[in-house]
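What follows is a set of notes on a single structure, which appears directly below.
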Amino acid sequence: MIGDCVRNLNIDTILELAKDQRLRFPINTDGHFLRKPVHELLHKHEVLTVPFMTGVNNHEGGFILAEFFAPPNWT
1 MIGDCVRNLN
11 IDTILELAKD
21 QRLRFPINTD
31 GHFLRKPVHE
41 LLHKHEVLTV
51 PFMTGVNNHE
61 GGFILAEFFA
71 PPNWT
């Protein structure tokens, strides 16, 4: 159902939706695990002080993201 709906959207609608910041990978700051918003942790290079795990699979292309967003010493 959702796939059919998305397939029927025209490109202008998709591009307009892509501009909406609220629709992008929402992550909640819970005050315990993530004490600050993720963008702030990354910007201030504090992300390595927060214990977390993340991952992707080969079929989503997400393995490329680390090259763009990871701090230099991230392994």
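Just so we're aligned: 17 in the UniProt record's numbering is position 17 of the sequence shown, and the numbers increase by one with no gaps anywhere.
Ideal Cβ positions, reconstructed from N, Cα and C, are used throughout, including at glycine.
Keep in mind the model is a prediction, meaning the values are calculated, not measured.
Counting only the Cα atoms, residue 46 lies some 37 Å from residue 13. Shown here, residue 15 sits in a helix according to DSSP, grouped into three states.
Apart from sequence neighbours up to five positions away, no residue of its chain approaches residue 18 with a beta-carbon distance below 7 Å. Between the alpha carbons of residue 41 and residue 34 lies a gap of roughly 9 Å. In the structure shown, the three-state DSSP call for residue 9 is coil.
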